Amino acid sequence: MQKFQINDRLTIAEQPSLDDIAGLEGSAITTLINLRPDGEAGSLGNRVERQAVSEAGFAYRFLPVTLAGLTNADVDAFASAVRDSKGPVLAHCGTGLRALSLYAITQVIDEHLALADVPALGQRYGMDLSAAIAFLEKRALQRPQVKGFFDPRTWSVQYVVSDPATRHCAIIDPVLDYDEKSGQTSTESADRILAYIAEQGLSVEWILDTHPHADHFSAAHYLKQKTGAPTAIGDHVRDVQALWKGIYNLPELQTDGSQWDRLFSAGETFKLGTIDAKVMFSPGHTLASITYVIGDAAFVHDTIFMPDSGTARTDFPGGSAHVLWDTIADILALPDETRLFTGHDYQPNGRHPRFESTVAQQKAENPHLAGIDEQSFVHLREARDRTLPMPKLILHALQVNVRGGRLPEPESNGKRYLKIPLNALEGARW
Ligand SMILES: N[C@@H](CCC(=O)N[C@@H](CS)C(=O)NCC(=O)O)C(=O)O
Ligand SMILES: [Fe+2]
């Protein structure tokens, strides 16, 4: 295996053999990063490498990327894998080019290297870094800028979307942490978003939810208290409130959406700084789901997941596979280069969290969409839905989320209690 030590922390390499990996035992390397998607000619594959690395006794990370399909999430994942490793890292792809490209990109973003010096870095190792330069140039022009925050507890993706011209931003689908075993809540995830906003010097214009979530609490209310920014959601949230008011038997629950500052209807427009934003009605997963299209970025939440993953389930109360099909058709009618940011990533085969794709990629690669017609979509969606147990927090979360992320009011002892209806979701699989 040909390898180059870039610095104390990082060595890049071409594809190692099984013997090469075994030979790393006892070396300084503490983490091996595999940057190759499965199935590439000459690769060992994720499973085989994971096993070999575990036998050699060091850490393994699966970060499959291609230079053509590189996203900011890939760059962030590479940077944190190197940063969080116990010691020196060996990152490999087929030839080392992807590893060096990711290194170059992180160096330029962190302002340790000028864009103009990237070609010379490539020449030093006999590699052409023009794909890295193209990625950085495109990134510099992107409007809005989108930063995703992955929550590994619920596989949710929270976003900060910002206008570089005015530094105004919107927070989308923030998570209020909750552990159902201890009943503990925490604002750690939301505070991480606030820290990023402070560090970037952004001002929060909007706190947006795409739908009342069934698998985590929304941090919208907490973030409104912290920032004073208005909260918003789709106006069909009133139907969701009426539905769950019955299920929870909450006579005092207002079902007029007054828990948010703004209710968006289909086609409504607003501004994020200087950038035009538009609301699309996107039901199917829930009755109230909406997509925010901000500049060239669409926040499609639980409609389409990453192209290697499929689509959102449609078996929650108010869900429908037929309706989701129409919703997805509307999203895929956006221009091919539209950036699509999904609401969840379930990390198939243990790969790193990825959440950005394009309309063109989804049309070509998503197994629930490419070459599929409505009837077969509905068939496969409903068949999969029949196999899925309810999200573990659905009954915990919706009573909070139909109140805009407000926890139940404290009782006479000052403590707050959740209410869990029994036998309310008839026929749900355990
Ligand atoms: N195991 C997860 C399941 C979460 C889940 O059901 N996710 C929904 C979105 S809220 C989904 O669409 N899943 C799609 C699928 O698994 O096909 C949990 O308990 O939270
Ligand atoms: Fe969801």
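Add 6 to the 1-based position in the sequence shown for this note's numbering, that's all there is to it. Heads up, the beta-carbon is just placed ideally off N, CA and C, and yes, glycines get one too. All values reported here derive from a predicted model rather than from experimental measurement.
_Are there any heavy atoms of ligand 2 lying less than 7 Å away from the beta-carbon of Ala220, as far as the coordinates show?_
Ala220: yes, Cβ under 7 Å from ligand 2.
*Kindly indicate which residue of Arg357, Leu428, Phe383 has the alpha-carbon position closest to the one of Pro43.*
Taking only the C-alpha atoms, the option nearest Pro43 is Arg357.
*Where Trp250 falls, given that 16 or more other Cβ within 10 Å makes a residue buried*: Buried, since its Cβ has 16 or more Cβ neighbours within 10 Å.
*Gly462 CB to nearest heavy atom of ligand 2 below 7 Å*: No answer is possible for residue 462: it lies beyond the span of the chain, which begins at 7 and ends at 436.
*Cα-Cα separation between Asp308 and Met396, rounded to whole angstroms*: Annotation: Asp308 to Met396 spans about 15 Å, alpha carbon to alpha carbon.
*Supposed close pair Leu330, Val365 - CB separation, criterion 8 Å*: Not quite, the Cβ-Cβ distance comes to about 17 Å (not below 8 Å), so this is no contact.
*Is it buried or exposed for His118, if we count other Cβ within 10 angstroms and need 16 for buried?*
Here His118 is exposed. Its C-beta has fewer than 16 other C-beta atoms within 10 Å.
*Kindly indicate which residue of Lys9, His222, Ala28, Gln57 has the alpha-carbon position closest to the one of Glu20.*
Taking Glu20 as reference, the option from Lys9, His222, Ala28, Gln57 with the minimal CA-CA separation is Lys9.
*asked:* Quick check: what's the CA-CA separation for Asn255 versus Gln247?
replied: Across the structure, Asn255 and Gln247 are spaced so that their CA atoms are roughly 11 Å apart.
*asked:* Can you determine whether any heavy atom of ligand 2 sits closer than 7 Å to the C-beta of Leu169, and answer yes or no?
replied: Sequence check: residue 169 is Asp here, not Leu. Every heavy atom of ligand 2 is 7 Å or more from the Cβ of Asp169, so no.
*Pick out the complete beta strand (DSSP E) segments inside the segment 247-295, 3 residues or longer, and give them in chain order.*
Taking 3 residues as the minimum length, the beta strand (DSSP E) runs contained wholly in the segment 247-295 are 268-270, 275-278, 281-287, in order along the chain.
*asked:* In whole angstroms, give me the CA-to-CA distance for Ile177 and Asp215.
replied: Their backbone Cα atoms lie some 8 Å apart in a straight line.
*Specify the secondary structure class of Tyr66 as computed by DSSP and reduced to three states.*
Note: Tyr66 maps to strand in three-state DSSP.
_Following a CB-centred definition, is Gly51 positioned closer than 7 Å to any heavy atom of ligand 4?_
As for ligand 4, it is missing from this structure, which binds only ligand 1 and ligand 2.
*Straight-line CA distance for Leu103 to Ala47?*
One Cα belongs to Leu103, the other to Ala47, and the distance between them is close to 16 Å.
*Nearest CA to the CA of Phe393: which residue from Gly325, Ser168, Thr172, Asp321?*
Checking the sequence, you will find Thr at residue 393 rather than Phe. For Thr393, the nearest C-alpha among the options comes from Asp321.
_Within 8 Å, strictly: CB atoms of Asp245 and Ala171_ = Contact: no.
_C-alpha distance - His217 paired with Phe141, whole-angstrom precision_ = Going by C-alpha positions, His217 is about 32 Å away from Phe141.
*Close beta carbons around Ser288, own chain, < 6 Å, minus the five adjacent residues each side*: Same-chain partners within the cutoff: Ser295, Ile296, Thr297, Thr309, Thr333.
*Are the segment 118-135 and the segment 48-60 touching by the rule of at least three beta carbon pairs closer than 8 Å?*
Short answer: they don't touch.
_Beta-carbon proximity list for Asp80, same chain, < 8 Å, skipping 5 on both sides_ = Leu69, Val71, Leu108, His358, Arg360.
*asked:* Whole angstroms are fine: how far does the CA of Arg268 sit from the CA of Thr344?
replied: Distance between the alpha carbons of Thr344 and Arg268: 26 Å.
*heavy atom of ligand 2 below 7 Å from Gly349 C-beta*: Checking every heavy atom of ligand 2 against the Cβ of Gly349, one is found closer than 7 Å.
*Can you say whether Asp157 is buried or exposed, counting buried as having 16 or more other CB atoms within 10 angstroms of its CB?*
Buried, by the Cβ-count rule.
*asked:* Is the beta carbon of Gly273 closer than 8 Å to that of Asp241?
replied: No, Cβ-Cβ distance for Asp241 and Gly273 is not below 8 Å.
*Near Ala83, what residues of its chain come up, given a Cβ to Cβ distance below 6 Å and the 5 sequence neighbours on each side ignored?*
Contacts found: Leu69, His358.
*Can you tell me whether Arg409 is buried or exposed, with buried defined as 16 or more other CB within 10 angstroms of its CB?*
Counting other Cβ atoms within 10 Å of its Cβ, Arg409 reaches 16 or more and is therefore classed as buried.
*For Gln11, count neighbouring C-beta atoms within 10 Å of its own C-beta (all shown protein chains included) and say buried if the count is 16 or more, exposed if not.*
Label assigned to Gln11: exposed.
*Report buried or exposed for Tyr184, applying the criterion of at least 16 other Cβ atoms within 10 angstroms of its Cβ.*
A residue is called buried once 16 or more other Cβ atoms fall within 10 Å of its Cβ, and Tyr184 is buried on that count.
*asked:* When you measure from the CB of Asp215 to every non-hydrogen atom of ligand 2, does any distance come out below 7 Å?
replied: Asp215: no, Cβ never under 7 Å from ligand 2.
*Quick one: which unbroken alpha helix (DSSP H) runs of 4-plus residues sit fully inside the segment 306-361? Chain order, please.*
DSSP runs (the alpha helix (DSSP H)) wholly in the segment 306-361: 327-338.
*Under three-state DSSP, which class holds Ile111?*
Note: Ile111 maps to helix in three-state DSSP.
*Examine ligand 1 and report whether any of its heavy atoms sits within less than 7 Å of the Cβ of Arg392.*
Not so, every heavy atom of ligand 1 lies at least 7 Å from the Cβ.
*Counting only runs that start and end within the segment 44-95, where is the beta strand (DSSP E) found for 3 or more residues in a row?*
The qualifying runs are 65-68.
*asked:* Can you check which of these residues, Phe270, Ala225, Thr191, is closest to Val243 by C-alpha distance?
replied: When each option's Cα is compared against that of Val243, the closest is Phe270.
*Nearest CA to the CA of Gln353: which residue from Gln113, Thr292, Asp302, Ser315?*
Nearest to Gln353 by alpha-carbon distance, out of Gln113, Thr292, Asp302, Ser315, is Ser315.
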